[in-house]
Structure formats: C-alpha cells, structure tokens
Amino acid sequence: MFRKVQVALVSPLVLAWLAFLYHLSSTPDGRPYQPPPSAIETSKQPESSTNAEFAAHVEQLKKKLPSADFTVLIQPPFVVIGDEPAEAVKQHSENTVKWAVDKLKQDFFSQDPRDILDIWLFKDGASYEKNALLLFGEKPTTPYGYYSSAHKALIMNISTGGGTLVHEIVHPFIEANFPACPPWLNEGLGSLYEQTGEVNGHIHGFTNWRLPGLQAAIKANTVPSFKYLTSLDARRFYDDAKGTHYAQARYLCYYLQQRGLLINFYREFLAHQKEDPTGYQTLQKILGYVDMNAFQQKWEKYVLGLTQGYEVSVTP
0 MFRKVQVALV SPLVLAWLAF LYHLSSTPDG RPYQPPPSAI ETSKQPESST
50 NAEFAAHVEQ LKKKLPSADF TVLIQPPFVV IGDEPAEAVK QHSENTVKWA
100 VDKLKQDFFS QDPRDILDIW LFKDGASYEK NALLLFGEKP TTPYGYYSSA
150 HKALIMNIST GGGTLVHEIV HPFIEANFPA CPPWLNEGLG SLYEQTGEVN
200 GHIHGFTNWR LPGLQAAIKA NTVPSFKYLT SLDARRFYDD AKGTHYAQAR
250 YLCYYLQQRG LLINFYREFL AHQKEDPTGY QTLQKILGYV DMNAFQQKWE
300 KYVLGLTQGY EVSVTP
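Residue numbers for the sequence shown follow numbering that gives the first Met the number 0, beginning at 0 and rising by one.
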C-alpha cells in the first residue's frame, strides 16, 4: 500500500526513455497469435543505448504471452506485463514501478539490474496461479508475489496491492549493487517498503502487518540477538515459519529510518562489506552502541510502543 504524506506522491519527471503500450488480439480459431506491428504504441523514443535491446526483448516476449488480454509497457529497467485493463497496467507502471525505482535509486542504488527484467502483474489469484504455472512451470508458494532471479521476472498477484511489488523490486537492485548483501538486510529493506509512501521527497516505510507478530515474539522472549540475526545465511534466515527473522529485520530497518540513519548505514555497510560481511560492526558504529544487548533492550521497548499507522517524523 502507498501513502501520500507531506509531499504528494506524483510521477517523477518523464525521462526520455522508450515506452510503448499495446493491447493484443488473438486469432478467431485460437491459433497462437502474433501481434501485428500496429498493436504497439510508441509514446517516446529513449536516448538510451538499450533501445535495441528492449525492442528485441519485447519481440521475444510477444511469442509467449498467454492470451490477448495482456498489455505490455516498457518501464526501464523493467518490462511490465499485465492482464488488467491497459490503463490500470499503465498506472501500475508509472505510479508504482517508476516511482519506486526512482526513489530507491535516489537513496540507495547507483546501478540498474544488468538484465532486462519482466514484471508480470496478474489481475487476481486465479490468473496468478494459472499463469505462473504456464509460464514458469511452478506453483507460487505465496499468494502475493515473488522475484525469480532464475526467470528474470517479478511474478505478482497485483490484486493484493502494490506493497509486495515494491518489496520485490528491491531484490534485483540489491543483486546489482550489493551482491554479497546478507539476507537480513536484503529482506529487511525489501519488507520495509511493503507499506510505503513518500515523505519529504524520499521513499518511506510505515508500520505494517508484521508488527503484531514481532511484538508477540518480544513478549515471549523469542526474538534472537542482532548478532545472531545478522550472521544468518539464506537457508537459516528463511527457515523461520513464524516470520520472526523477517519482522526483526524490517523493524531494525524501520528504527534506523526513523532515526535518520538508514541511508548512511546502507552506504557505510556497502563500503566496508569486506571487513564486515554481516553488517554487525557497521550497526554498532552507526547506532553508537558497543553493547548491542543494551541496544536490543531499547529497540524492543521501542517496537512494543509502535502502533499501526503512518508515522512520518524522523528523530535523530
């Protein structure tokens, strides 16, 4: 979900990038269809060197579209494909994808993903499950959506909202800019923007559905130490049925954001990843705590005091 706070959420200035929108028609007898060139509407030609690459990518993409219901829109570094009405797909492309990319690059990322990635926006759960199986040979394990590095695609049930889409957009940018990023920060940053908006011209995460579970875990004394959390490899991080690792990582990032420290932490960690591969030492430095147990007590008290809502103040 998105929230317009203090500064209205508007589409950033239009860059001179290639964008074309087309709606496809199928043959009456059900044969595999090849959309005619006239089905492609070109709105702007980019000054980018990737012009030919995007054109070739779309030509290949057209050959595997599941039906005539799909609209395709280039939104670099992605191609957005959806089976909602064309105008709805365009709104997602501009107001969610482009906005998120611009804001994430403003604060965190200097490099685009190396490859052109597809964002599949399926209109409902039935379309999502059917077409994920048809296109990628796999049944989704989440009702919301996911990023598949192997398929170079973000596969979304857009009827559940745009929050998961922004979350998943973070991951290919992390791959491109911070390949050695540990899972706690990869997922912490991604999940921070599941509930997001714009504050003072910057992307901003708000409290969300992960908060009550984390508060319950704190009360049950089952939240691990930050040293343990930051040390987890992918297998151990994701082996967490209750989602505590996700929630702890998210609300650590949320705390850093609310103290005006998140961007600086990310940049410091990226710059010193070789000597601090988990980010734990950088956390100590940015937070100003040698005793992280003392910080965790403070952080847990802080989290227990949070409520669902749209807190926009940042307090150094």
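Just so it is clear, CB atoms sit at the ideal spot from N, CA and C, and this is done for glycine as well.
For the pair His-203 and Asp-106, the CB atoms are not nearer than the 8 Å cut-off.
Taking 4 residues as the shortest admissible run, the stretch 184–270 contains the following complete alpha helix (DSSP H) segments, listed from N- to C-terminal end: 210–218, 225–230, 233–237, 243–257 and 261–270. The C-alpha of Leu-255 lies about 29 Å from the C-alpha of Met-155. By the C-beta density criterion, Pro-76 is buried, having at least 16 other C-beta atoms within 10 angstroms. Boundaries of the beta strand (DSSP E) harbouring Thr-70: 70–74, taken from the DSSP string. Beta-bridge partners of Leu-116 (DSSP): Phe-77.
For Ile-154, DSSP records a beta bridge to Trp-119 and Tyr-145.
Rounded to whole angstroms, the Cβ separation of Leu-120 and Ile-80 is 7 Å, and the two are in contact under 8 Å. Fewer than three Cβ pairs drawn from the stretch 225–236 and the stretch 267–275 lie within less than 8 Å of each other, which leaves the two stretches out of contact. Taking the Cα of Gly-259 as reference, the smallest distance to any Cα among Lys-300, Thr-314, Ala-215 and Asn-292 is reached at Thr-314.
The Cβ neighbour count for Asn-130, taken over all protein chains shown within 10 Å, is at least 16; the residue is labelled buried. In the structure shown, the three-state DSSP call for Lys-138 is coil. Short of 6 Å from the beta carbon of Pro-182, and not among the five residues preceding or following it, lie these beta carbons of its own chain, in chain order: Ala-233 and Phe-236. The alpha-carbon separation between Val-169 and Thr-306 amounts to approximately 25 Å. One thing to note: Val-96 has its Cβ within 8 Å of the Cβ of Ile-118. The C-alpha of Leu-261 is placed about 36 Å away from the C-alpha of His-56. Each residue's CA atom was taken as its position, placing Ser-126 and His-150 some 18 Å apart.
Scanning Leu-188, Thr-49, Leu-103 and Asn-185 for the CA closest to the CA of Val-78 turns up Thr-49.
In this chain, His-91 is not harboured by any alpha helix (DSSP H), its DSSP state being neither H nor E. Put simply, of Tyr-253, Leu-231 and Phe-135 the residue whose alpha carbon is nearest the alpha carbon of Ser-190 is Tyr-253. In this structure, Glu-167 places its C-beta atom within 8 Å of the C-beta atom of Tyr-146.
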